Amino acid sequence: MTKITPNGHSIVVRFAGDSGDGVQLLGSQFAESTALAGSDFATFPDFPAEIRAPVGTTFGVSAFQINLGSRRIATAGDAPDVLVAFNPAALKVNLPILPKGALIILNTDEFNERNFAKANIKADPRSTGELAEFQVIEIPIKSQTLEAVKNSGLSRRDSEQCKNFWALGAVLWMFGRDRAPIEAWIRRKFAKAPQVLTGNLAALNAGHAFAESAELSAEIPQFEVGAAPMAAGDYRSITGAEALALGLAAAGELAGKPILFASYPITPASPLLHHLSKMPELGVATFQAEDEIAAACAAIGASYGGAIGVTSSSGPGIALKTEAIGLAVAVELPLVIVNSQRGGPSTGLPTKTEQSDLYQAVYGRNADAPIPVIAASDPGDCFHAAIEATRVALRHMTPVFLLTDGYIANAAGPWAIPDMAAFEPIAHNPPPKVPEPGATPDEQLALKHAIWKRDSKSFGRPWIPPGVKGLAHRIGGLEKDIETGDISYDAKNHQAMSEMRARKVASVAGFIAPQSIEQGESSGPLVVVGWGSTHGVIWRAVEAARKQGLDVAQIHLRWLNPLPANLGDLLAGYERILLPEMNMGQCATLLRDKLEVDVVPLNKVSGQPFKIAEILDAIRENYPSAAQAAE
Amino acid sequence: MNAPLSPKDFATDQEVRWCPGCGDYAILKAVQKTLADIGADPDKTAFISGIGCSSRFPYYMNAYGFHTIHGRAPAFATGLKLANPDLDVWVVTGDGDGLSIGGNHLLHVLRRNVDLQIMLFNNEIYGLTKGQYSPTSRVGTRSPSSPKGSVDTPVNPCAFALGAGARFIARGVDTDAKNLPETLKAARAFKGAAFVEIFQNCIVYNKDVFSDFTEKKVADEHQLRVEHGKPLLFAKGTKGVRFNHKSFALEVVAVGDGGVPESEILVHDETNPTLAQLLITMPHPAFPMAIGVIYRAPAPASFDQSFWEHHPTKGERTGKVADALRRASVWTKKAS
Chain A
243 MTKITPNGHS IVVRFAGDSG DGVQLLGSQF AESTALAGSD FATFPDFPAE IRAPVGTTFG
303 VSAFQINLGS RRIATAGDAP DVLVAFNPAA LKVNLPILPK GALIILNTDE FNERNFAKAN
363 IKADPRSTGE LAEFQVIEIP IKSQTLEAVK NSGLSRRDSE QCKNFWALGA VLWMFGRDRA
423 PIEAWIRRKF AKAPQVLTGN LAALNAGHAF AESAELSAEI PQFEVGAAPM AAGDYRSITG
483 AEALALGLAA AGELAGKPIL FASYPITPAS PLLHHLSKMP ELGVATFQAE DEIAAACAAI
543 GASYGGAIGV TSSSGPGIAL KTEAIGLAVA VELPLVIVNS QRGGPSTGLP TKTEQSDLYQ
603 AVYGRNADAP IPVIAASDPG DCFHAAIEAT RVALRHMTPV FLLTDGYIAN AAGPWAIPDM
663 AAFEPIAHNP PPKVPEPGAT PDEQLALKHA IWKRDSKSFG RPWIPPGVKG LAHRIGGLEK
723 DIETGDISYD AKNHQAMSEM RARKVASVAG FIAPQSIEQG ESSGPLVVVG WGSTHGVIWR
783 AVEAARKQGL DVAQIHLRWL NPLPANLGDL LAGYERILLP EMNMGQCATL LRDKLEVDVV
843 PLNKVSGQPF KIAEILDAIR ENYPSAAQAA E
Chain B
293 MNAPLSPKDF ATDQEVRWCP GCGDYAILKA VQKTLADIGA DPDKTAFISG IGCSSRFPYY
353 MNAYGFHTIH GRAPAFATGL KLANPDLDVW VVTGDGDGLS IGGNHLLHVL RRNVDLQIML
413 FNNEIYGLTK GQYSPTSRVG TRSPSSPKGS VDTPVNPCAF ALGAGARFIA RGVDTDAKNL
473 PETLKAARAF KGAAFVEIFQ NCIVYNKDVF SDFTEKKVAD EHQLRVEHGK PLLFAKGTKG
533 VRFNHKSFAL EVVAVGDGGV PESEILVHDE TNPTLAQLLI TMPHPAFPMA IGVIYRAPAP
593 ASFDQSFWEH HPTKGERTGK VADALRRASV WTKKAS
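If you read the sequences in order, they're chains A and B. The first sequence begins at 243 in my numbering and counts up by one. The second sequence begins at 293 in my numbering and counts up by one.
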């Protein structure tokens, strides 16, 4: 039979099942095979907050979506073209997002009255006509799996667990992917559990054979998704959390300093702790503190001690760390604070993504306590953002916020492996020279001045960890004299210190790259401005709009505080600014505040990333009519 | 080091800003004497404090010092000690700082057994915020926030420490210039978290709250100065503490003429946690106040030691990020 080349040279596949069905593993292994075939892709794991929600329920459905293509892929896709549903609940939850004509593969073994009841389904959807507009393939995946693994020695329960690999085998055939790398992975992963290894391999091969077998191949379509045009070089697949961990390790290596990562478990930030815990050979040590506050304090204590202190959390945890972060501002110590943003307020939607901690990062402290804020725009960018954040923290002697979100942290895509030799080393301000012992009072004063002498461009003070000979001095949260570092309640001094702290953060703008334009012209009727994880979806929407003849530009912000020095002039060149973000308008407020520009906000807070169509619609809606008439 | 340093060498040029007559002055002197006596190096010593009167301490010590935020000093100290285990780290805290807002961190620094000294200045009151009752205030303490007397049951700092898993627990008195430095030296010598509760007189808001056992003229009668291997005698050896097997409790008995023979008096065993519990919770004035090193049971290693010993590369950077980046399936895109 002929293979189908998908429309637009990309196809979206979604796997959905119970949270115990191994859907995430299935998805990530399929992504791996896609990567090895040279196609571009983006993934979106979408899982419930419950670890093992009651089996068969709609709120226990875990899903993994991947968009793969032989062209540049920027998002995990608006809607699935293929849905693999392991049970009725997974079908019910995902049916509303399926476009007409989508291919649905159902695990019919679970389509029974008991499971309909659990999912609150009144009648078998296969007989109600509600699947009429779709292409449905029914496969008894569970019984096929049990048959395939019967000689593995696994119990019935464990045998059933192999069904994700059975499905993977079938999907690998559908996309013409090589099984060998997956087999090798299974052999490595389950080397210590031979029965599981045998079972999973048997299931994988059985699924593949089933799909390939003559009588069914007419029913199961095969897709042709070839290699995507990408720059020459070496690639790997990477999630945001992995890239961030490697980026922090790289920052430590570039600075020649150890990394001490102190954090407290929280969703969706914990994967960063897990990844870093596996990187001891890169000069990384991790400390799981008793709470969020202690994690921030221990990281600051480590920075005080001469290591690069890093702490990480999600919104609620960052709230708890806030007082300690203010102290790091006051005592001018480096600190990297990673916020993997999630839906809120309060506990909110722990596993769902949002960009709603921007106010918290930029404005969220008592008193005037400015902090530089950088946001990563995709999984691979987390690596570069971590290096950049650390560079700023050490140069300016300041805490730095690195914003990522639940989407980036767990999403994956192909990533051009960077050349470490291409990075500049990360410099810091060394301790001043020590005077001879027995110094006079004048020399003592000179020493104090040297300890607190800030760089004229970056306002970074020398980094003097305890243990440095002859420089014992005291730091603390009380306001200090701008020259001697002694406690000072002097009015003029506090004014001077507050201004210095503001200038210090503003000075970062002098060191970062000027704002560039992602797509389009440097002036025109409409620009779409974004920040963080919306980069890919905005890119696709603007690309599509431009193909339709609309003169739209895209600008994506990396530094939110300070904003790039040329941003104001750049934005002035556009008639209208559209700002899509996954919150109620926080970056819009920021731009209005800092640049006094008018912004049209496009806000989405559903816990789900934007769809390309939503942004494209907004582009059309906001495209100035005069410009439209001129087209 | 050149010439040995004197206590004065550990003072800074900063004007001390505690109230005249505050017990903190005596503690400051005792600590400066302790460091001079043991030949400490100011450059390798760090004082970490939280917030409160006691927490101003680092500004007055010629050493590295970090005045942090309320209650969190143990967490900062833990991070510092992990970054540089060679430092001698002292945590300075108070009853409000350490046992109220910072109770959680005190619990964890003790059970982890981080190698540092914790001096908890207990004055049973909030001083810097002008005299509200604290978590160690006795029931009925009248204060601006409890005008009719406080109703909450106070925490016993040493019992808290023992319950948290502390392995060194001692008590001292601010003005006890003879014994306090010795207790602090023992704390300093201990490998692990050494907890020292120091009874400190807040002259303004809770004056003389401990005077019934700290005053010189009553000290002998009301303090039980414990010493490992020595009988638990006080009042110039005329009284002692005996274990009553029937009530399963301690009791105070007269010793010698008209009393029991000294052989019936308990001998202090600082490694016995059960005895430590009994000594720590003796109600005063029915019992004397136990002072000195009450409990000392070193663990094989402190937390910072274990942390780095169990770190697979002992903290060394033995690998390269360039290699780590390739620890995945890598595919090569050829130039077309």
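Don't be surprised by glycine CBs; every beta carbon is placed ideally from N, CA and C. All of these numbers come straight from a predicted model, not from anything done at the bench.
- Contact annotation: I717/A and V573/A have beta-carbon atoms nearer than 7 Å.
- Here the segment 845-859 of chain A does not lie against the segment 793-807 of chain A, with fewer than 3 beta-carbon pairs under 8 Å apart.
- Here the alpha carbons of S270/A and E863/A stand approximately 37 Å from one another.
- At a cut-off of 7 Å between beta-carbon atoms, N396/B makes contact with chain A.
- Considering only beta carbons, the part of the segment 357-389 of chain B lying closer than 9 Å to chain A consists of G357, F358, H359, T360, I361, H362, G363, R364, A365, P366, A367, F368, A369, T370, G371, L372, K373, L374, A375, N376, D378, L379 and V381, in chain order.
- Per DSSP, F432/A is not a residue of any alpha helix (DSSP H), being assigned neither H nor E.
- Counting along the chain, the unbroken alpha helix (DSSP H) around G489/A starts and ends at G482 to A497.
- The beta strand (DSSP E) runs lying completely inside the segment 351-411 of chain B and spanning 3 residues or more are 356-359 and 380-386, given in chain order.
- Residues of the segment 391-418 of chain B with a C-beta less than 7 Å from any C-beta of chain A: N396, H397 and H400, listed in chain order.
- Secondary structure note for F286/A: its beta strand (DSSP E) is the uninterrupted segment D282 to D288.
- Rounded to whole angstroms, the gap between the alpha carbons of L792/A and L821/A is 17 Å.
- The three-state reading of DSSP puts V604/A in helix, counting H, G and I together.
- Per DSSP, W310/B is not a residue of any beta strand (DSSP E), being assigned neither H nor E.
- Nearest CB-CB separation between W623/B and chain A: below the 7 Å threshold.
- Take V547/B, set aside five residues on each side of it, and the residues of its chain with a beta-carbon closer than 7 Å to its own are L525, G529, T530, K531, G532, E554 and I557, in chain order.
- Around the beta carbon of D468/B, 16 or more other beta carbons lie within 10 angstroms, which makes this residue buried.
- Between the segment 740-754 of chain A and the segment 763-783 of chain A there are fewer than three C-beta pairs closer than 8 Å, too few to call the two in contact.
- Among the residues of chain A, those whose CB is under 7 Å from the CB of T610/B are E523, following chain order.
- Going by DSSP, Q515/B is part of the beta strand (DSSP E) stretching over Q515 to V518.
- For V335/A, the number of other beta carbons within 10 angstroms of its own is at least 16, and it is reported as buried.
- Between the alpha carbons of H638/A and D647/A lies a gap of roughly 25 Å.
- Against chain B, the beta carbon of V255/A has no neighbour under 7 Å; the closest one sits roughly 19 Å away.
- Sequence-distant partners of C314/B (beyond 5 residues in either direction) whose C-beta falls short of 6 Å from its own C-beta, in its chain, are I495.
- Shown here, W705/A sits in coil according to DSSP, grouped into three states, outside any helix or strand.
- Annotation for N471/B: G464, V465, R517, I583 and G584 place their beta carbon closer than 8 Å to its own, counting only its chain and skipping 5 residues before and after.
- Under DSSP, no beta-bridge partner is assigned to P866/A.
- Taken in chain order, the members of the segment 472-493 of chain A whose beta-carbon sits within less than 8 Å of a beta-carbon on chain B are M472, A473, A474, G475, D476, Y477, R478, S479, I480, L488, A491 and A492.
- Counting only residues of its own chain and dropping the five nearest sequence neighbours on each side, D533/A has a CB closer than 8 Å to the CB of Y506 and L562.
- Runs of the alpha helix (DSSP H) lying entirely within the segment 571-657 of chain A and spanning at least 4 residues, in chain order: 600-605, 623-638 and 648-652.
- Taken through DSSP and simplified to helix, strand or coil, M662/A comes out as helix.
- About 7 Å separates the beta carbon of L372/B from that of I340/B, a gap short enough to meet the 8 Å contact definition.
- When 9 Å is used as the limit between beta carbons, D335/B is near these residues of chain A: P708, G709, V710, K711, G712, L713 and A714, in chain order.
- For P423/A, the C-beta contacts it makes with chain B under 8 Å involve S621, in order along the chain.
- DSSP places T337/B in the strand class (E or B) of the three-state scheme.
- Excluding five sequence positions before and after G827/A, the CB atoms of its chain that fall closer than 7 Å to its own CB belong to P843 and N845, given in chain order.
- Within 10 angstroms of the beta-carbon of G371/A lie fewer than 16 other beta-carbons, which makes it exposed.
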